[in-house]
Each structure stands twice: as C-alpha cells, then as structure tokens.
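Following: one structure in structure tokens, then a few remarks.
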Amino acid sequence: MSGVRVLVGTRKGAFVLTSDEGREKWDVRGPHFAGWEIYHVNGSPVDPSRLYASQTSGWFGQVIQRSDDGGTTWTPVGNQFGYEGAVGMHQWYDGTQRPWEFTRVWHLEPSLTDPDTVYAGIQDAALFRSVDAGQTWQELDGLRHHESGPAWQPGAGGMCLHTIVLDPTTPDRIFTAISAAGVFRSDDAGTSWRPINRGLHSQGIPDGDAEVGHCVHSLAMHPSRPNVLYMQKHWDVMRSDDAGETWREISGDLPTDFGFAIDVHAHEPDTVFVVPITSDSLHYPLDGQLRVYRSRTGGDEWEPLTKGLPQSDCYVNVLRDAMAVDSLDSCGVYFGTTGGQVYASSDAGESWAPIVRDLPAVLSVEVQTLP
Amino acid sequence: MSAAVRVVLPAHLRTLAKLSGDVHLDIDDDVTICTVLDALESSYPMLRGTIRDQVTGQRRAFVRFFACEQDLSHESLDAGLPAAVVTGAEPLLIVGAMAGG
Numbered sequence: 018m019s020g021v022r023v024l025v026g027t028r029k030g031a032f033v034l035t036s037d038e039g040r041e042k043w044d045v046r047g048p049h050f051a052g053w054e055i056y057h058v059n060g061s062p063v064d065p066s067r068l069y070a071s072q073t074s075g076w077f078g079q080v081i082q083r084s085d086d087g088g089t090t091w092t093p094v095g096n097q098f099g100y101e102g103a104v105g106m107h108q109w110y111d112g113t114q115r116p117w118e119f120t121r122v123w124h125l126e127p128s129l130t131d132p133d134t135v136y137a138g139i140q141d142a143a144l145f146r147s148v149d150a151g152q153t154w155q156e157l158d159g160l161r162h163h164e165s166g167p168a169w170q171p172g173a174g175g176m177c178l179h180t181i182v183l184d185p186t187t188p189d190r191i192f193t194a195i196s197a198a199g200v201f202r203s204d205d206a207g208t209s210w211r212p213i214n215r216g217l218h219s220q221g222i223p224d225g226d227a228e229v230g231h232c233v234h235s236l237a238m239h240p241s242r243p244n245v246l247y248m249q250k251h252w253d254v255m256r257s258d259d260a261g262e263t264w265r266e267i268s269g270d271l272p273t274d275f276g277f278a279i280d281v282h283a284h285e286p287d288t289v290f291v292v293p294i295t296s297d298s299l300h301y302p303l304d305g306q307l308r309v310y311r312s313r314t315g316g317d318e319w320e321p322l323t324k325g326l327p328q329s330d331c332y333v334n335v336l337r338d339a340m341a342v343d344s345l346d347s348c349g350v351y352f353g354t355t356g357g358q359v360y361a362s363s364d365a366g367e368s369w370a371p372i373v374r375d376l377p378a379v380l381s382v383e384v385q386t387l388p
Numbered sequence: 066m067s068a069a070v071r072v073v074l075p076a077h078l079r080t081l082a083k084l085s086g087d088v089h090l091d092i093d094d095d096v097t098i099c100t101v102l103d104a105l106e107s108s109y110p111m112l113r114g115t116i117r118d119q120v121t122g123q124r125r126a127f128v129r130f131f132a133c134e135q136d137l138s139h140e141s142l143d144a145g146l147p148a149a150v151v152t153g154a155e156p157l158l159i160v161g162a163m164a165g166g
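Below, the structure written as structure tokens:
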C-alpha cells in the first residue's frame with residue numbers, strides 16, 4: 018500500500034506522521050527525543066526505512082540519531098564534528114572577526130545513491146559527510162576554507178549551512194546555501210567550491226552585489242531539471258536557469274517577497290510554492306492571513322492559495338526547512354508553522370487541512386513517498 | 066583499590082542513555098571528575114560530547130558539577146573528588162544549568 022510519511026522536527030521533539038495515499042487519516046507518533054530541539058529529520062531516497070535526525074540542546078550539545086525502521090526505533094550515532102585544519106575566522110554581527118565554533122547540525126541530506134552516506138550542514142557554517150551511516154563525520158573543508166570565508170557573517174539564527182541540494186544527474190555536483198554568505202557549488206563531490214551569487218542584490222551589506230554576504234534562506238530544485246534552481250532569499254524570490262551561474266528575480270506580483278520556505282511541485286517543474294512573510298522585522302504572514310503562493314509559470318506570476326488556511330489573526334512563521342512535497346499522482350504539499358500546526362494539501366495546494374494543530378514550534382518538515 | 070561512585074544525571078541524559086536511575090561506576094583510578102566521566106562515557110558512549118567537549122575535554126558551558134553541597138564546576142577536572150563521593154556515600158550530581166523552556 019503506498020502512502021506518505023511526514024517527518025517533523027520541532028523545538029521539543031520529533032514527530033512521524035503517516036497516512037495512506039488518501040492523505041485524510043493520519044497516524045501521529047512522537048515525540049521522539051522529547052524536550053530536545055530537532056532541527057531536521059530526513060530519510061534516504063534509496064532506503065526509506067533509513068532516517069537521520071539532528072537532536073540538539075543548548076545544554077547538552079549535538080546528538081545524531083539514526084533509524085533503520087522508518088522512525089519506530091532510533092539509535093544515537095556519531096556526534097563529533099571536528100573542523101579540519103586551521104579553524105579560521107569569520108565575520109561576527111558587529112563586523113569583527115571571530116573563530117569558527119561548532120554549535121549544531123541544521124540539515125541532514127542523505128545521498129541519492131547510498132543509504133550509508135549522508136551530508137550534514139552545520140553552524141558555524143561547514144559541510145560534513147558520513148559514509149558509515151552516521152558513525153563518523155568528516156568535514157569537506159574546501160568550502161569553509163574558501164578565500165571568502167572571513168567575509169561570511171551570521172544571519173539572525175546564527176551562521177549556518179542550512180541547505181544542501183544534490184544534483185541527480187551530475188553526481189559530483191553539490192549546492193549549499195549559507196546564511197549569510199550565499200550559495201556555493203562544488204563540481205568535484207565537495208572538494209572545491211565557488212560562490213554562485215551573481216544577480217543577487219541584498220540590503221544590509223556594504224556592497225549589495227557582493228560575491229558573498231547574501232542571506233539566502235532556502236533553495237529548491239526539480240530532479241528532472243537540475244539546472245533550474247529556485248531561491249527564497251531574505252528578500253526576493255530568485256531563479257537560476259544555469260545551475261546558479263546567474264540569478265534573476267521572479268518575485269513578480271507577490272504581495273511581499275520576504276520569506277523562508279520554497280519548494281517545487283513533484284511533477285511540474287515550473288510550479289513553485291512559497292509562503293510570503295511580512296518583512297524581515299515582522300516574521301508572520303501579511304495581514305494575519307496565512308497564504309501559500311503558487312506560480313505555475315516558474316515565477317513572476319503568483320496566485321494565493323487560502324482554502325483551509327486561517328485568513329485572520331494568524332501570526333505564525335514558516336521556517337526555511339518546514340515545507341516539502343510528496344510525489345503521489347496528485348502532488349501533496351506540506352508545511353509546518355511556529356504555532357505547531359502541520360498543514361497538508363493533497364491537491365497541489367488547492368485546499369489545505371491541518372494534520373496536527375498543537376505541536377511545539379515546527380522547525381522542519383520532510384516527506385517520504387512510500388511504495 | 067576500586068571506588069564505587071554514584072552519578073546522578075539530568076533527565077535528558079538519563080533518557081538518552083536509557084537509564085532509569087542513578088549510575089554506579091567502578092573507578093580503578095584516582096576519583097576525579099575526569100576519571101568519572103571517562104568511565105561514564107565508556108559505559109554509555111551516547112553521552113560523549115553531551116557533558117564535555119570531545120576534543121578539549123572541557124565542561125559544556127551549561128553543565129554544572131555538584132557534590133556534598135559544593136559547586137565543583139570550576140575545580141580542575143583532575144582534582145580529587147570528596148571522600149564521600151569516592152565511597153559512594155554521596156553522589157556526583159551532573160546538572161543542567163537552571164533555566165526554563
């Protein structure tokens with residue numbers, strides 16, 4: 018029986034939500050790792066039973082958990098993230114230099130081909146890889162040692178590597194995004210990197226067109242068209258048609274182009290979803306109305322999707338890793354809010370219903386489409 | 066001579082280590098915070114990195130060590146623990162710094 022498994026990371030634990038392909042009745046399991054911040058839970062596309070979770074605490078540091086049975090049972094695995102070579106310095110909020118320091122794992126991205134290989138994006142920004150199912154971690158330090166490193170600076174959430182996108186047709190190509198540095202691409206499996214931010218314009222940095230310093234919030238790619246990337250930047254929704262070499266703005270008629278999350282329809286590479294947020298100083302929806310916006314034209318032209326979503330007095334946020342899609346015939350779209358709701362649409366955003374309403378603040382949502 | 070040291074962990078670390086109560090550790094060396102943590106992490110490897118940094122060995126900033134109504138957090142990790150801890154009469158308390166949330 019096919020179905021979906023929604024992996025939810027929250028401020029106080031992880032939850033696993035499952036349904037059949039109807040996506041009307043849900044089984045809610047959790048909290049796993051109760052009381053800990055779960056920044057991300059993600060599953061292997063090769064082996065859906067293999068999950069990885071980032072469990073973190075200001076008191077007790079970082080734990081990585083692995084499940085081999087789809088989230089029923091979990092085992093702590095390796096949690097040592099040691100920077101390779103010289104630690105180096107980056108820019109602090111006030112412009113002074115400060116050494117890199119490990120804080121937490123923001124994002125776990127399992128390999129597209131090997132369930133034992135998984136990438137981790139961490140704060141302070143660096144990329145790690147495990148090839149033994151999370152037991153040990155090695156830094157791909159060419160990224161952190163890029164000559165622009167001293168100019169990288171933290172966003173409001175810290176200086177984090179929060180997005181990892183693996184190219185399904187060019188196996189050695191990896192995209193990462195760092196707040197606030199920008200997007201970087203490797204074409205040699207993570208050994209060397211270069212910034213790909215041409216076309217981005219940002220306020221709040223001395224040179225708005227600089228090579229690095231941009232607060233990129235998230236990236237999305239459709240696997241059938243990996244040279245096309247969509248980006249939700251701090252302000253601006255952007256698109257690249259050349260694997261990040263150049264970017265152009267596609268905010269078009271959005272009511273505001275500030276936001277965090279962005280994703281692409283599973284079967285329509287030009288159908289994109291964003292959740293506009295009022296502004297950088299008001300992290301909640303415009304006019305208290307929770308609206309997903311959808312473009313069917315690859316950007317520029319957007320339509321609000323509101324059916325089933327609160328249209329008054331709603332002041333939640335939707336964070337960068339908190340939206341995902343399934344790949345059932347009628348594409349499902351899911352997002353979680355800082356108010357603890359996880360909304361699902363089984364008709365590509367036409368209508369929405371909450372799976373759960375009262376979880377802790379949602380940090381991340383991933384979806385597995387089960388065979 | 067080995068010592069039987071009793072350690073009380075904060076709730077989150079007891080859960081992580083799948084423990085329901087205090088930990089009893091046999092220490093064949095001088096009884097210090099360092100040797101107690103070595104024995105604790107040897108028996109419960111999932112606790113590595115949660116109490117002290119895995120590279121520097123330094124106490125995590127929001128973790129405190131108490132025993133015999135004394136705050137030992139800022140003592141040398143290699144200093145001997147009180148006799149009552151060494152005999153197991155009193156526990157070493159590993160505590161998450163007081164905060165809500």
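Sequences listed follow chains B and P, in order. Numbering-wise (the numbering used here), the first sequence opens with residue 18 and increments by one. Numbering-wise (the numbering used here), the second sequence opens with residue 66 and increments by one. For each residue, glycine too, the CB sits at the ideal point set by N, CA and C.
1) Can you tell me where the beta strand (DSSP E) holding residue 34/B begins and where it ends?
2) Please list, in chain order, the residues of the region 119-139 of chain P that have any C-beta partner in chain B closer than 9 Å.
3) Are at least three pairs of beta-carbons, each pair with one atom in the region 104-119 of chain P and one in the region 357-365 of chain B, less than 8 Å apart?
4) Kindly list, in the order they appear in chain B, the residues whose Cβ is closer than 8 Å to that of residue 78/P.
5) Alpha carbon to alpha carbon, what distance is there between residue 310/B and residue 245/B?
6) With a cut-off of 8 Å, does the C-beta of residue 327/B fall near any C-beta of chain P?
7) At the 8 Å Cβ level, is residue 161/P part of the contact set with chain B, yes or no?
8) Give every residue of the same chain whose Cβ lies closer than 8 Å to the Cβ of residue 259/B, excluding the five residues on either side of it in the sequence, and list them in chain order.
9) Mind listing, in chain order, the continuous beta strand (DSSP E) runs of no fewer than 3 residues lying wholly within the region 227-279 of chain B?
10) Count the other CB atoms within 10 Å of the CB of residue 374/B; is the residue buried (16 or more) or exposed (fewer)?
11) List the residues of chain P whose Cβ lies closer than 9 Å to the Cβ of residue 9/B, in chain order.
12) Assuming residue 38/B and residue 345/B are in contact, meaning their beta carbons sit under 8 Å apart, how far apart are those beta carbons, in whole angstroms?
13) At 9 Å on the CB atoms, spell out the chain P contacts of residue 80/B, in chain order.
14) Is there a C-beta anywhere in chain P that falls below 8 Å from the one on residue 97/B?
15) When DSSP builds the beta bridges, which residues end up paired with residue 177/B?
16) Could you check whether the region 165-172 of chain B touches the region 144-154 of chain B, counting it as contact only if at least three pairs of C-beta atoms, one from each stretch, sit closer than 8 Å?
17) At the level of alpha carbons, what is the spacing between residue 22/B and residue 387/B?
18) Sort out for me which residues DSSP pairs residue 83/B with in a bridge.
19) Ends of the alpha helix (DSSP H) at residue 77/P?
20) Which residues, in order along the region 86-110 of chain B, keep a beta-carbon less than 8 Å from a beta-carbon of chain P?
21) Just by C-beta distance, which residues in the region 31-56 of chain B are closer than 9 Å to chain P?
22) Based on Cα-Cα distance, which residue from 220/B, 146/B, 295/B, 327/B lies nearest to residue 356/B?
23) Since residue 98/P is in the alpha helix (DSSP H), which residue starts that stretch and which ends it?
24) I want to see whether chain P comes within less than 8 Å of residue 296/B, judged by CB atoms only; does it?
25) Determine the direct distance from the alpha carbon of residue 367/B to that of residue 340/B, and round the result to whole angstroms.
26) Using the C-alpha atoms, what's the distance from residue 54/B back to residue 271/B?
27) In chain P, what lies closer than 9 Å to residue 74/B by C-beta?
28) Taking 8 Å as the cut-off, decide whether the C-beta atoms of residue 81/B and residue 59/B are in contact.
29) Taking its Cβ as the centre, do 16 or more other Cβ atoms sit within 10 Å of residue 196/B, making it buried, or is it exposed?
30) If I follow the unbroken alpha helix (DSSP H) through residue 154/P, where does it start and stop?
31) Between which residues of its own chain and residue 95/P is the CB-CB distance below 7 Å, once the five residues before and five after are set aside?
32) Thinking just about the alpha-carbon of each residue, which of 100/B, 324/B, 183/B, 73/B is nearest to the one in residue 364/B?
33) Applying the 10 Å Cβ sphere with the 16-neighbour rule, what's the burial state of residue 131/B?
34) Terminal residues of the continuous beta strand (DSSP E) containing residue 20/B?
35) For residue 166/P, does the three-state DSSP call read helix, strand or coil?
Let me lay it out:
1) The continuous beta strand (DSSP E) containing residue 34/B extends over residues 30-37.
2) Close to chain B, meaning a Cβ-Cβ distance shorter than 9 Å, are the following residues of the region 119-139 of chain P: 119, 120, 125, 126, 127, 128.
3) The answer is no - the region 357-365 of chain B does not touch the region 104-119 of chain P, with fewer than three Cβ pairs under 8 Å.
4) Neighbours of residue 78/P in chain B, taken as residues whose beta carbon is under 8 Å from its own, are 77 in chain order.
5) A straight line joining the alpha-carbon of residue 245/B with that of residue 310/B spans about 19 Å.
6) So, not an interface residue.
7) Interface flag for residue 161/P against chain B is set, since a Cβ pair is found closer than 8 Å.
8) Result list for residue 259/B: 244, in chain order.
9) Under the rule that a run must span 3 or more residues, the beta strand (DSSP E) segments found entirely inside the region 227-279 of chain B read 233-238, 246-250, 254-257.
10) With a threshold of 16 other beta carbon atoms within 10 Å, residue 374/B falls short and is exposed.
11) Given that chain B is displayed from residue 18 to residue 388, the structure contains no residue 9/B and the question cannot be resolved.
12) Taking C-beta atoms under 8 Å as the contact rule, residue 38/B and residue 345/B qualify, at a distance of about 5 Å.
13) Contacts between residue 80/B and chain P, judged by CB atoms closer than 9 Å, involve 81, 111, 114, 115 in chain order.
14) Yes, residue 97/B lies at the interface with chain P (some Cβ there is under 8 Å from its Cβ).
15) Its beta-bridge partners are 140/B, 196/B.
16) In the pairwise beta carbon analysis, the region 165-172 of chain B is classified as not touching the region 144-154 of chain B: fewer than three pairs are separated by under 8 Å.
17) Here the alpha carbon of residue 22/B sits roughly 7 Å from the alpha carbon of residue 387/B.
18) The secondary-structure analysis by DSSP pairs residue 83/B across a beta bridge with 69/B, 92/B.
19) Run containing residue 77/P: 76-81, per the alpha helix (DSSP H) assignment.
20) From the region 86-110 of chain B, only 93, 96, 97, 99 have a Cβ closer than 8 Å to chain P.
21) From the region 31-56 of chain B, only 50, 51, 52, 53 have a Cβ closer than 9 Å to chain P.
22) Across the set 220/B, 146/B, 295/B, 327/B, the C-alpha of 327/B shows the shortest separation from the C-alpha of residue 356/B.
23) Where residue 98/P is concerned, the enclosing alpha helix (DSSP H) starts and stops at 98-108.
24) Not one chain P Cβ lies under 8 Å of residue 296/B.
25) For residue 340/B and residue 367/B, the distance between alpha carbons rounds to 16 Å.
26) Spanning the two alpha carbons is a distance of roughly 32 Å.
27) Taking a Cβ-Cβ cut-off of 9 Å, the neighbours of residue 74/B in chain P comprise 77, 115, 127, 161, given in sequence order.
28) The criterion of a C-beta distance shorter than 8 Å is not satisfied by residue 81/B and residue 59/B.
29) Its Cβ being crowded by 16 or more others within 10 Å, residue 196/B is buried.
30) For residue 154/P, there is no enclosing alpha helix (DSSP H), as DSSP marks it with neither H nor E.
31) Taken in chain order, the residues that qualify are 145.
32) Per the Cα distances, 324/B.
33) It is exposed - the Cβ of residue 131/B has fewer than 16 other Cβ atoms within 10 Å.
34) Counting along the chain, the beta strand (DSSP E) containing residue 20/B begins and ends at 20-27.
35) For residue 166/P, the pLDDT reaches just 48, beneath the cut-off of 50, and the residue's location in the model is therefore unreliable, although a value from the coordinates is still provided. In this structure, residue 166/P counts as coil in the three-state DSSP scheme.
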